[in-house]
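As structure tokens, the structure follows; a few thoughts come after it.
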Amino acid sequence: MRRRRFFTLGLGAAACVAASAAGCGAEQAPGAGARPGGAAAGRFVVAPAGRRWGRMCGAFVRVARESGFQVAEGTGGTGGTGGTAITFTGLPALAVAQLNGTRTPLETATPLSRLAAEIEVVVVAAGSRFKDFDDLGARLRADPAATLLAGGPQGEPGHLLFGLIAKGLGADTRKVDYTGYATGDEVVAALLSGRAAAAAGSLADWRPAIAYGRVRPLAVSTAGRVEGLDVPTLLECGVRVDFGDWCAAFGPQGMSRENRETAVALFDAVASSRRWEAACRAGGWEPIPLSGDDLRRWLTSEAQRTYAVLGDLGLIDAAKNTTCWVGCGNGH
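Quick note: the sequence shown, position 53, residue 106 per my numbering, numbers continuous.
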């Protein structure tokens, strides 16, 4: 199989941005982080690994400031204040690393905190013959090669979700006919023109088209229903999938225990707050706070699942190395 190259801003590059940009800096005091007037135990320079994580980074900074933490948000590329670089990154970076055979964040950085996830949704055109997810699922199970699917670029969350759905339905995953588009407008156009039977992507991105009645949501990817949206979950539809485009905070590789614990304390305090829950509702995210050893175990499991789905979709040859789940070096 000819390997294509998949590109995204990786964690290493983002750490360089964070170290130089002073984007979203947060001072901390031992235990709970630095509050106004308190002495800082260290400085943490927080920056998103790419534009897709910028909104969540900005929301985190705002909530941290409202909660009394000393937070200074920079604009990026304007010179730094020094300190430990912390990067906001997530599922797409993990998938791209596995697709390219490069090291994943688990191998190049220190996991600190899982924060939230973009809720994914499966949609069809308003006039689609698929009245509900069961109709789409039956078609996908019977003839996946003739069920045209669309979403973001190949290997990104929308594509992974359809891979998980196909596998959950018992369909031949390698026959899934998926077209990835660079922009959301292109996905909408493909759906409305009939070039795609169904699409998947971020609920936040699809809400305008849903509100205008251009598309109909069939199912959401979360374990529980989304407040204010009368749409079943995939689990309710009989597909054992609980999935989200998650975002987590990572520190540099080799981070000292004291520095790591101080950083985790800040993230735990903000991620467990009501303000953060409110910010997630406003942003269209599902809060999924997790840190410590539980986070590392979960990330290992998530890396395994992602690698397996990429193999099922035929994007990588997983059969060559079934143990290469967390990250594959260039020699793979």
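Ideal placement from N, C-alpha and C gives every residue a C-beta, glycine not left out. Since the model is a prediction, treat every value here as computed from it, not as a measurement.
**OP:** With a threshold of 16 other CB atoms inside 10 Å of the CB of Ala198, please say whether the residue is buried or exposed.
**Re:** In the sequence shown, the residue the question calls residue 198 occupies position 145. Burial check for Ala198: the Cβ neighbour count within 10 Å stays below 16, so the residue is exposed.
Original post:
What did DSSP end up calling Ser326 once you bin it into helix, strand or coil?
Top reply: By 1-based counting over the sequence shown, the position of residue 326 is 273. Ser326: coil per DSSP, three-state reduction.
**OP:** Return yes when the Cβ of Arg267 is within less than 8 angstroms of the Cβ of Leu245, no when it is not.
**Re:** Translated into positions along the sequence shown, residue 245 becomes position 192. Translated into positions along the sequence shown, residue 267 becomes position 214. Yes; because the gap between Cβ atoms is below 8 angstroms, this pair is in contact.
Subject >> Residue span of the alpha helix (DSSP H) that contains Ile263, given as start and end >> reply: Against the sequence shown, residue 263 aligns to sequence position 210. Unbroken alpha helix (DSSP H) run through Ile263: 256-264.
Subject >> Helix, strand or coil at Arg104 according to DSSP, with G and I counted as helix >> reply: Residue 104 sits at position 51 when you count from the first residue of the sequence shown. DSSP places Arg104 in helix when its eight states are reduced to three.
Subject >> Any alpha helix (DSSP H) of 4 or more consecutive residues that is wholly inside the segment 179-267 >> reply: Taking only runs of at least 4 residues, the alpha helix (DSSP H) segments lying wholly in the segment 179-267 are 186-195, 210-222, 237-246, 256-264.
Original post:
Can you tell me whether DSSP reads Pro285 as helix, strand or coil?
Top reply: On the sequence shown, residue 285 is found 232 positions in, with the first residue counted as 1. Pro285 falls in the coil class under three-state DSSP.
Original post:
Would DSSP call Arg269 helix, strand or coil?
Top reply: Within the sequence shown, numbered from 1, the residue matching residue 269 stands at position 216. Of the three classes helix, strand and coil, the one that applies to Arg269 here is strand, per DSSP.
Original post:
Could you give the distance in angstroms between the alpha-carbon of Ala224 and the alpha-carbon of Ala195?
Top reply: Taking the first residue of the sequence shown as 1, we reach residue 224 at position 171. Taking the first residue of the sequence shown as 1, we reach residue 195 at position 142. Ala224 and Ala195: Cα-Cα distance of roughly 7 angstroms.
**OP:** Return yes when at least one heavy atom of the ligand GTP lies under 7 angstroms from the C-beta of Ala148, else no.
**Re:** As for the ligand GTP, it is missing from this structure, which has no ligand bound.
Original post:
Going along the chain, which residues of its own chain have a beta-carbon closer than 6 angstroms to the beta-carbon of Gly367, five neighbours each way excluded?
Top reply: As a working note, residue 367 is residue 314 in the sequence shown. Cβ neighbours of Gly367 beyond the five flanking positions: Arg227.
**OP:** Please state if the CB of Leu214 and the CB of Glu173 are separated by a distance shorter than 8 angstroms.
**Re:** Here residue 173 refers to the residue found at position 120 when the sequence shown is read from its first residue. Here residue 214 refers to the residue found at position 161 when the sequence shown is read from its first residue. Taking 8 angstroms as the Cβ cut-off, Glu173 and Leu214 qualify as a contacting pair.
Original post:
In whole angstroms, what separates the C-alpha of Ala335 from that of Ala252?
Top reply: Translated into positions along the sequence shown, residue 335 becomes position 282. Translated into positions along the sequence shown, residue 252 becomes position 199. Distance between the alpha carbons of Ala335 and Ala252: 23 angstroms.
Original post:
When we look at the beta-carbon of Lys184 and count the other beta-carbons within 10 Å, is it buried (16 or more) or exposed?
Top reply: Translated into the one-based positions of the sequence shown, residue 184 becomes position 131. When all chains shown are included, Lys184 counts as exposed.
Subject >> Paired residues, beta bridge with Ser344 - DSSP >> reply: As a first step, residue 344 must be located in the sequence shown, where it is residue number 291. DSSP output for Ser344 lists Ser166 as bridge partner(s).
Original post:
Can at least three beta-carbon pairs, one atom from the segment 314-329 and one from the segment 275-292, be found at a separation below 8 angstroms?
Top reply: no
**OP:** For the beta strand (DSSP E) containing Ala301, list its first residue and its last residue.
**Re:** As a first step, residue 301 is located in the sequence shown; it is residue number 248 there, counting from the start. Taken as a continuous stretch (DSSP letters only), the beta strand (DSSP E) holding Ala301 covers 297-305.
Subject >> Reference Val116, options Ser354, Asp321, Arg349, Met308, closest by Cα >> reply: Here residue 116 refers to the residue found at position 63 of the sequence shown. When each option's Cα is compared against that of Val116, the closest is Asp321.
Subject >> Straight-line Cα distance separating Lys220 from Ala242 >> reply: Counting from 1 along the sequence shown, the entry for residue 242 is found at position 189. Counting from 1 along the sequence shown, the entry for residue 220 is found at position 167. Our two residues, Ala242 and Lys220, have alpha carbons roughly 27 angstroms apart in a direct line.
Subject >> Distance CB(Cys300)-CB(Ala179) smaller than 8 angstroms >> reply: Here residue 300 refers to the residue found at position 247 of the sequence shown. Here residue 179 refers to the residue found at position 126 of the sequence shown. Not in contact: Cys300 and Ala179 (Cβ atoms no closer than 8 angstroms).
**OP:** Answer with buried or exposed for Gly281, where buried requires no fewer than 16 other C-beta atoms within 10 angstroms of its C-beta.
**Re:** The residue given as residue 281 occupies position 228 in the sequence shown. Per the 10 Å Cβ criterion, exposed.
**OP:** Determine the extent of the alpha helix (DSSP H) in which Thr161 is found, giving its start and end residues.
**Re:** Translated into the one-based positions of the sequence shown, residue 161 becomes position 108. From DSSP, the alpha helix (DSSP H) with Thr161 extends over 158-161.
Original post:
How close, in whole Å, do the beta carbons of Trp351 and Leu363 come, if the pair is a contact with beta carbons under 8 angstroms?
Top reply: For the purposes of this step, residue 351 is taken as residue 298 along the sequence shown, with counting starting at 1. For the purposes of this step, residue 363 is taken as residue 310 along the sequence shown, with counting starting at 1. Not confirmed; about 18 angstroms, so no contact.
Original post:
For the putative contact between Ile139 and Ala324, defined by C-beta atoms under 8 angstroms, what is the C-beta separation to the nearest angstrom?
Top reply: Position 86 of the sequence shown, counting from 1, holds the residue named residue 139. Position 271 of the sequence shown, counting from 1, holds the residue named residue 324. Not quite, the Cβ-Cβ distance comes to about 13 angstroms (not below 8 angstroms), so this is no contact.
Original post:
Taking the continuous beta strand (DSSP E) assigned at Ala138, which residues delimit it?
Top reply: For the purposes of this step, residue 138 is taken as residue 85 along the sequence shown, with counting starting at 1. It spans 137-143 - the beta strand (DSSP E) in which Ala138 sits, taken as one unbroken run.
Original post:
Taking DSSP as the reference, what is the three-state secondary structure of Phe97?
Top reply: Counting from 1 along the sequence shown, the entry for residue 97 is found at position 44. It is a strand residue.
**OP:** Kindly indicate which residue of Thr232, Arg349, Gln151 has the alpha-carbon position closest to the one of Pro206.
**Re:** Counting from one through the sequence shown, the residue named residue 206 turns up at place 153. Of the listed residues, the one whose Cα sits closest to Pro206 is Thr232.
Original post:
Does the distance from the C-beta atom of Thr161 to that of Met308 stay below 8 angstroms?
Top reply: Residue 161 sits at position 108 when you count from the first residue of the sequence shown. Residue 308 sits at position 255 when you count from the first residue of the sequence shown. Going by C-beta atoms, Thr161 is not nearer than 8 angstroms to Met308.
**OP:** Classify Tyr386 as buried or exposed, calling it buried when 16 or more other Cβ atoms lie within 10 Å of its own Cβ.
**Re:** The structure shown does not extend to residue 386, since the chain is modelled only from 54 to 385, so the question has no answer here.
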